[in-house]
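K.L.:
I have a structure I would like to understand better, so I am pasting it below and will then ask my questions one at a time.
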Amino acid sequence: MGLPILEKVGLDGNPPVRERVRASMHLHAVLGSLPHLVRLDPEGARLARGIGDVALEFRVFAGPRVVLEFRGGSVQVRQEGGSDVGIFFPSCQALNRMFDGEKVTPIPFKFRGIGSLRALQRFPAMTDRLTHLLKPTREALEDPSFRARHVEISLLVGLAAVSSLLENDPRVKQRVGPALHHGSIQYEVPGVFAVHVLLEPRGIRVGAGPLGDPATTITIRDVDLALGLLQGTVDTFAANGSGDIRASGDLHLADEFNQVFERVGFYLK
Amino acid sequence: MKLYRFDRSQELFARATKVTPSGISGNKNPAFAVPGSFPYYAERGSGCRYWDVDGNEYIDYLAGYGPIVLGYNDPVVDAAAEAQRKLGAAFNHPTPRAVELAEKMVSLIQGMDWAAFGKNGSDVTAYAVQTAREHTQRRKILKARGAYHGSQSWCRSGLGGLIETDYEHVLDFTWNDATEVEDLFKRHDGDVAGVIITPYHHPAFGDQVLPKPGFLQDLRAICDRYGAALILDDVRAGFRLDLRGSHVHFGFQPDLTCYCKAIANGYSVAACCGTETMKPAASRVFFTGTFYTSAVEQAAALACLAELEKRNAVDHMMAMGRRLMEGLGKLAEARGLQVTLSGPPSIPFMTFTNEKNFRRSQRFSGEAARRGVLLHPHHNWFLMQSHTEADIDRTLDVADTCFGIVKKEFGG
Chain Z
0 MGLPILEKVG LDGNPPVRER VRASMHLHAV LGSLPHLVRL DPEGARLARG IGDVALEFRV
60 FAGPRVVLEF RGGSVQVRQE GGSDVGIFFP SCQALNRMFD GEKVTPIPFK FRGIGSLRAL
120 QRFPAMTDRL THLLKPTREA LEDPSFRARH VEISLLVGLA AVSSLLENDP RVKQRVGPAL
180 HHGSIQYEVP GVFAVHVLLE PRGIRVGAGP LGDPATTITI RDVDLALGLL QGTVDTFAAN
240 GSGDIRASGD LHLADEFNQV FERVGFYLK
Chain H
57 MKLYRFDRSQ ELFARATKVT PSGISGNKNP AFAVPGSFPY YAERGSGCRY WDVDGNEYID
117 YLAGYGPIVL GYNDPVVDAA AEAQRKLGAA FNHPTPRAVE LAEKMVSLIQ GMDWAAFGKN
177 GSDVTAYAVQ TAREHTQRRK ILKARGAYHG SQSWCRSGLG GLIETDYEHV LDFTWNDATE
237 VEDLFKRHDG DVAGVIITPY HHPAFGDQVL PKPGFLQDLR AICDRYGAAL ILDDVRAGFR
297 LDLRGSHVHF GFQPDLTCYC KAIANGYSVA ACCGTETMKP AASRVFFTGT FYTSAVEQAA
357 ALACLAELEK RNAVDHMMAM GRRLMEGLGK LAEARGLQVT LSGPPSIPFM TFTNEKNFRR
417 SQRFSGEAAR RGVLLHPHHN WFLMQSHTEA DIDRTLDVAD TCFGIVKKEF GG
């Protein structure tokens, strides 16, 4: 029989890098996309209203923390500040197993009022809806409107996950972090959506909507092509060469960013 | 005029992506230039002219990313290569061409006592680094941040296929900052094997930066003070600034020098040269490849170097480059556009001043390509000995049109 603690905590006292990266991605990129679920999906918005006004905290031992603040049907994601109700995971692995679909029972560690209990009861429906949008059925994808929403929110999750890699993978942090210069990259499907990444001294911020003057613009011909890129059924280079994807502006920035972005798939499926 | 189309290029590239990772690897991938407004595949060349697979003809300032220094299909170089080809291309052993080329390099490159040959720039920069490490019995190599020294693991940027030990002993300094170099020597006292530099800083996606007065000489003094080797990576600039080596142009003396690109006018030869002091260490580094001794390319190099001298090629390329740079500057100014022309005239580059995102450069280069002039938006340009005043003037005519398009789209 092995020593479980050594599996959960690396020899330096920290969780193994891969687990730490995945935990950060799950909290900051996946749960961090809930505001976009509310914006894009009427059912998601309805579920958010049902949760009430509450600040819900996810905390992982020796790992990341995030607070989801529900107010009047909107959701804000923050790293700092207090909460009304908290859920604790004993390890990054435990959190990751839950996101992988395994049964994990987290430990509630804080209650403030009856609304907290209601929020805890109703929150899983919201994550189910997020899963529906991020991992849709083939039938759901046949609806063009749903397809566009799936592509947009998946792209937002992937872009936000870059931050988790840069902060938690020492190799990426050391190798790419210092070289990554500041600027902005906009990804757009004309007439459908635009999302963006801001690379700033304080870190990376991901958002929806077009920028006034992005340093780099990546224009993807249509939603179906974008879906193919996400699913790995379309060759990015071929699309670039044919003009189905058009990159313009600071391509050096896009190239540096892409070195990390293309690794997100190693951690998030 | 009818603007060029690139249908055949795009068709070939689509096929390539099915059978080759990324379609075309490295800096020749369409994504590095202006996809959709740039050729992807070559058909033939002659002098400074180049034809792509769609039959489009260009006045070329990429020169195969450097190697075409005389001009495509130079008859003298090709005749020398063909004469050797009739004797045989690759053998069990080197041919006399290997000895003759080493003797030529030693007599030509100032301060160098030996030469060894590979096929690409990466072969010889890696060999020079290993020689410096072997000579000093130290580990660390210092290089300028953003400098390109090839595609091998020790110096390649990014993450793909690399592990920490590939690059943990390679440290970056800021170009033109000798104090930072000396600080690195102090911080890694007794463990710095060498400093590798290009003769001037020519990063992709940026203006070219010449050495500050005294910078290269300071590096020489620092290396002497700490017993480290000074390596000149002259792969890109070699034979376009001074045939005796770019260190002569800038007035400093390295211990090891690396050449490739322009050495054989398009035939694949790379050379590492060194001082007598470095020779024992160089001998202990196992340096070989199946084609390192291929004779056709070495015969081409001998002919190319002779022709460069005979035709006074460097002076000509400098003069043509000056004509190009001055012309571009005047045309831009007349249109109310601000451009920065950087680098030596034979290896010039142009950016739109204060524009960090290259949109004007991409539009300018894309429009120029569609009108028959190849000027890269993100990578320095190269003059050839075959560029004439008429080619430069035709280039400037096209450039004027393209400046007009940029002005109309972007304003100032």
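Just so you know, the protein sequences line up as chains Z and H, in that order.
All residue numbers for the first sequence refer to the numbering used here, where the first residue is 0 and numbers rise by one.
All residue numbers for the second sequence refer to the numbering used here, where the first residue is 57 and numbers rise by one.
Ideal placement from N, C-alpha and C gives every residue a C-beta, glycine not left out.
If I measure Cβ to Cβ from H:H257 and keep anything under 7 Å in the same chain, skipping five residues before and after, which residues do I get?
P.N.:
For the purposes of this step, residue 257 of chain H is identified with residue 201 of the second sequence, where counting begins at 1. Answer for H:H257: A200, A203, W231, Q264 and V265, listed in chain order.
K.L.:
Any contact of the segment 202-221 of chain H with the segment 363-371 of chain H, i.e. 3+ C-beta pairs under 8 Å?
P.N.:
no
K.L.:
Is the shortest distance between the beta-carbon of H:S299 and the beta-carbons of chain Z less than 7 Å?
P.N.:
The residue given as residue 299 of chain H occupies position 243 in the second sequence. Checking the sequence, you will find Leu at residue 299 of chain H rather than Ser. Using beta-carbon distances, H:L299 does not count as an interface residue toward chain Z, since no partner is under 7 Å.
K.L.:
Is it buried or exposed for H:D371, if we count other Cβ within 10 angstroms and need 16 for buried?
P.N.:
Locating residue 371 of chain H in the second sequence gives position 315, where the first residue counts as 1. With fewer than 16 other Cβ atoms within 10 Å, it is exposed.
K.L.:
Check this for me: beta carbons of H:A249 and H:T192, under 7 Å apart or not?
P.N.:
Taking the first residue of the second sequence as 1, we reach residue 249 of chain H at position 193. Taking the first residue of the second sequence as 1, we reach residue 192 of chain H at position 136. Yes, the pair counts as a contact, with Cβ atoms nearer than the cut-off.
K.L.:
Residues bridged to Z:Q185 by DSSP?
P.N.:
Counting from 1 along the first sequence, the entry for residue 185 of chain Z is found at position 186. Paired residues: Z:H195 and Z:T216.
K.L.:
Terminal residues of the continuous alpha helix (DSSP H) containing H:T235?
P.N.:
Residue 235 of chain H sits at position 179 when you count from the first residue of the second sequence. Here the alpha helix (DSSP H) through H:T235 covers A234 to R243.
K.L.:
Could you name the residues of chain H that Z:N239 contacts, counting a contact when the two beta carbons are closer than 7 Å?
P.N.:
On the first sequence, residue 239 of chain Z is found 240 positions in, with the first residue counted as 1. The answer, in chain order, is P86, A87 and P91.
K.L.:
Residues in its own chain within less than 8 Å of H:I80 by CB, not counting five upstream and five downstream?
P.N.:
As a working note, residue 80 of chain H is residue 24 in the second sequence. Around H:I80: F69, A72, P86 and Y96.
K.L.:
What number of angstroms, rounded off, separates the C-alpha of Z:V103 from the C-alpha of Z:L94?
P.N.:
As a working note, residue 103 of chain Z is residue 104 in the first sequence. As a working note, residue 94 of chain Z is residue 95 in the first sequence. Answer to the nearest angstrom: the Cα atoms are 8 Å apart.
K.L.:
Counting only beta-carbon separations shorter than 7 Å, does H:G103 have a partner in chain Z?
P.N.:
Numbered from its first residue, the second sequence carries residue 103 of chain H at position 47. Not closer than 7 Å to any Cβ of chain Z, the Cβ of H:G103 fails to qualify, so no.
K.L.:
State yes or no: is the beta carbon of Z:A214 nearer than 7 Å to at least one beta carbon in chain H?
P.N.:
As a first step, residue 214 of chain Z must be located in the first sequence, where it is residue number 215. Answer yes: the Cβ-Cβ gap between Z:A214 and chain H drops below 7 Å somewhere.
K.L.:
In three-state DSSP terms, what is H:K463?
P.N.:
Here residue 463 of chain H is taken as the residue at index 407 of the second sequence, counted from 1. Three-state DSSP puts H:K463 in a helix.
K.L.:
Over the uninterrupted beta strand (DSSP E) stretch that includes Z:A160, give me the two end residues.
P.N.:
Here residue 160 of chain Z refers to the residue found at position 161 when the first sequence is read from its first residue. Counting along the chain, Z:A160 falls outside any beta strand (DSSP E), though it belongs to the alpha helix (DSSP H) covering P143 to N167.
K.L.:
Verify whether the separation of the beta carbon atoms of H:F306 and H:L272 is less than 7 Å.
P.N.:
If you number the second sequence from 1, residue 306 of chain H lands on position 250. If you number the second sequence from 1, residue 272 of chain H lands on position 216. Yes, the pair counts as a contact, with Cβ atoms nearer than the cut-off.
K.L.:
Could you name the residues of the same chain whose beta carbon sits closer than 8 Å to that of Z:H35, not counting the 5 residues immediately before and after it, in chain order?
P.N.:
As a position in the first sequence, residue 35 of chain Z is number 36, starting the count at 1. Counting only Cβ-Cβ distances below 8 Å, and skipping sequence neighbours, we find E151, I152, L155 and A207.
K.L.:
Using only alpha-carbon positions, find the residue among H:P255, H:S442, H:R416 and H:R100 that is nearest to H:E465.
P.N.:
The residue labelled residue 465 of chain H in the question sits at position 409 within the second sequence. Here the closest residue by C-alpha is H:R416.
K.L.:
What do you get for Z:Q173, buried or exposed, if any count of 16 or more other CB atoms within 10 angstroms of its CB means buried?
P.N.:
Working through the first sequence from its first residue, we reach residue 173 of chain Z at position 174. Within 10 angstroms of the beta-carbon of Z:Q173 lie fewer than 16 other beta-carbons, which makes it exposed.
K.L.:
Using a cut-off of 9 Å between C-beta atoms, extract the partners of H:Y96 located in chain Z.
P.N.:
Taking the first residue of the second sequence as position 1, residue 96 of chain H is located at position 40. Result: G240.
K.L.:
Leaving out five residues on either side along the sequence, give the residues of the same chain with a beta carbon under 6 Å from the beta carbon of H:A184.
P.N.:
Taking the first residue of the second sequence as 1, we reach residue 184 of chain H at position 128. Hits under 6 Å: I287, L312, C314 and C328.
K.L.:
Measure from the alpha carbon of H:F94 to the alpha carbon of each residue in H:A158, H:G103, H:D108 and H:G385, then state which is nearest.
P.N.:
Indexing the second sequence from 1 puts residue 94 of chain H at position 38. Per the Cα distances, H:D108.
K.L.:
With a CB to CB cut of under 6 Å and the five nearest residues on each side skipped, what residues in its chain are close to Z:R48?
P.N.:
Here residue 48 of chain Z refers to the residue found at position 49 when the first sequence is read from its first residue. Excluding sequence neighbours, Z:R48 sits near G72.
K.L.:
How should H:A136 be labelled, buried or exposed, when 16 other C-beta atoms within 10 angstroms of its C-beta is the threshold for buried?
P.N.:
By one-based count along the second sequence, residue 136 of chain H stands at place 80. Per the 10 Å Cβ criterion, buried.
K.L.:
When Cβ atoms are compared, which residues of the segment 201-228 of chain H fall closer than 9 Å to chain Z?
P.N.:
R201, G202, S213, G214, L215, G216, L218, I219, E220, Y223 and D228
K.L.:
Quick one: complete beta strand (DSSP E) runs, 3+ long, within the segment 145-198 of chain H?
P.N.:
170-174
K.L.:
Which parts of the segment 284-347 of chain H are runs of the beta strand (DSSP E), unbroken and 3 residues or longer, counting only runs that do not cross its ends?
P.N.:
285-289, 312-315 and 326-330
K.L.:
Tell me, which residues are paired with H:I252 by DSSP?
P.N.:
Walking along the second sequence from the start, residue 252 of chain H turns up at place 196. Note: H:I252 sits in a beta bridge opposite H:K199 and H:I287.
K.L.:
Hey, how far is the Cα of H:G246 from the Cα of H:Y282?
P.N.:
Start at 1 with the first residue of the second sequence, and residue 246 of chain H comes out as number 190. Start at 1 with the first residue of the second sequence, and residue 282 of chain H comes out as number 226. H:G246 and H:Y282: Cα-Cα distance of roughly 8 Å.
K.L.:
Looking at the unbroken beta strand (DSSP E) that takes in Z:L289, where does it start and where does it end?
P.N.:
The structure shown does not extend to residue 289 of chain Z, since chain Z spans only 0 to 268, so no value can be given for it.
K.L.:
Does the beta-carbon of Z:H181 have 16 or more other beta-carbons within 10 angstroms, so that it is buried, or is it exposed?
P.N.:
As a working mapping, residue 181 of chain Z is identified with position 182 in the first sequence. So Z:H181 ends up on the exposed side.
K.L.:
Quick one: is H:S302 near chain Z, going by C-beta distance under 7 Å?
P.N.:
By 1-based counting over the second sequence, the position of residue 302 of chain H is 246. Chain Z, which has no Cβ nearer than 7 Å to the Cβ of H:S302, makes this no.
K.L.:
Following the continuous alpha helix (DSSP H) through H:K412, name the residue where it begins and the one where it ends.
P.N.:
Taking the first residue of the second sequence as position 1, residue 412 of chain H is located at position 356. No alpha helix (DSSP H) holds H:K412; DSSP gives it neither H nor E.
K.L.:
If you follow the alpha helix (DSSP H) that H:F271 is in, where does it begin and where does it stop?
P.N.:
What you label residue 271 of chain H is simply residue 215 of the second sequence in a count that begins at 1. Note, H:F271: alpha helix (DSSP H), F271 to Y282.
K.L.:
Between H:G468 and the rest of its own chain, which residues show a CB-CB distance below 8 Å, the 5 nearest in sequence each way excluded?
P.N.:
In the second sequence, counting from the first residue as 1, residue 468 of chain H sits at position 412. The answer, listed in chain order, is G392, L393 and Q394.
K.L.:
Let's see if you can read the secondary structure: which residues bound the beta strand (DSSP E) around H:D108?
P.N.:
Residue numbering aside, residue 108 of chain H sits at position 52 when the second sequence is read from its first letter. Where H:D108 is concerned, the enclosing beta strand (DSSP E) stretches over R105 to D108.
K.L.:
Could you tell me the alpha carbon to alpha carbon distance between Z:R220 and H:G399, rounded to whole angstroms?
P.N.:
The residue given as residue 220 of chain Z occupies position 221 in the first sequence. The residue given as residue 399 of chain H occupies position 343 in the second sequence. Those two C-alpha atoms are separated by around 38 Å.
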